[in-house]
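>
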């Protein structure tokens, strides 16, 4: 049995509506949708404006998402070399305090019951741990047991602290971008989801109208699937992106 294969992404769904609207407008007084739209109180002109607005919002969402990804990469470029050095420094001090690794606690380093170092999963907490570690090192001055290790391995911990600060600042910018992107996605979906419901209703109406020739739905932008039906889980109406 033929069935309509609806797009799963926003762009596909928006393009489908615009094709339906264009076909309806082209048919004019001969459009088979006239009575149906009146009965269902669907205003194609208003839906078109909302769809065009949602398309603009979607473009802003995509751009903001890309900017967030770029900021994530920038943050990681600042932080990854610092974290690499940080782990080496911690392991050195763990060896230095062999037999009394709990001394690492005054450096802000957490040790579990098995004597293993526990790094926070949250980025901001990880940077905070490094900041405490750095503060302890600088407070001890020349007496810091870390000094010889840093000199031997040519690690500039002051430069690492500056990079960590930049990473934290960039992380804040990235977090805000992600919030902005989510707000844009929600606005897009709020504008378009009611229209997608109209698309579904129109699709089912035309499918019944063209019951002997369902491929006429192609003239309206619908994709028809004639393959055997397979059991599948129901999916919601929210677009994938």
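Numbering (the numbering used here), first residue to last: 92 to 332.
Think of the CB as a built atom: it goes at the ideal place given N, C-alpha and C, for glycine as much as any other residue.
1. Please report the straight-line C-alpha distance between residue 302 and residue 295, rounded to a whole angstrom.
2. Mind reading off the beta-carbon distance from residue 141 to residue 282? Whole number of angstroms is fine, and I expect it under 8 Å.
3. Closest to residue 106 by CA distance: which of 313, 276 and 259 is it?
4. Less than 7 Å between C-beta atoms, sequence neighbours within five positions excluded: which residues of the same chain meet that for residue 310?
5. Given a threshold of 16 other Cβ atoms within 10 Å of its Cβ, counted over all protein chains shown, does residue 305 qualify as buried or as exposed?
6. If contacts are defined as beta-carbon pairs under 8 Å, then residue 201 and residue 209 qualify, I think. What distance do you get, rounded to the angstrom?
7. Can you tell which of 269, 217 and 184 has its C-alpha closest to the C-alpha of residue 239?
8. Among all the DSSP beta bridges, which residues are the ones paired with residue 94?
9. Please confirm whether residue 261 and residue 189 have their CB atoms less than 8 Å apart.
10. Closer than 7 Å: is that where the CB of residue 159 sits relative to any heavy atom of the ligand MG?
11. Run through DSSP, which three-state label would residue 201 get?
Taking the structure as given:
1. In the chain shown, counting from the first residue as 1, residue 302 sits at position 211. In the chain shown, counting from the first residue as 1, residue 295 sits at position 204. Each residue's Cα considered, the two are about 10 Å apart.
2. Locating residue 141 in the chain shown gives position 50, where the first residue counts as 1. Locating residue 282 in the chain shown gives position 191, where the first residue counts as 1. The Cβ separation is near 5 Å, so the contact holds.
3. Within the chain shown, the letter at position 15 stands for residue 106. If we check each option's Cα against that of residue 106, 313 comes out closest.
4. Counting from 1 along the chain shown, the entry for residue 310 is found at position 219. The answer, listed in chain order, is 114.
5. As a first step, residue 305 must be located in the chain shown, where it is residue number 214. Under this definition residue 305 is a buried residue.
6. Your numbering for residue 201 matches position 110 in the chain shown. Your numbering for residue 209 matches position 118 in the chain shown. About 4 Å separates the Cβ atoms of residue 201 and residue 209, confirming a contact at the 8 Å cut-off.
7. Along the chain shown, one-based indexing puts residue 239 at 148. Measuring from the Cα of residue 239, the nearest candidate turns out to be 184.
8. Here residue 94 refers to the residue found at position 3 when the chain shown is read from its first residue. The partner list for residue 94 (beta bridge, DSSP) reads 316.
9. Translated into positions along the chain shown, residue 261 becomes position 170. Translated into positions along the chain shown, residue 189 becomes position 98. No, the Cβ-Cβ distance between residue 261 and residue 189 is not below 8 Å.
10. Among the ligands in the structure shown, none appear at all, so the ligand MG cannot be discussed.
11. Taking the first residue of the chain shown as position 1, residue 201 is located at position 110. If DSSP states are grouped into helix, strand and coil, residue 201 belongs with the strands.
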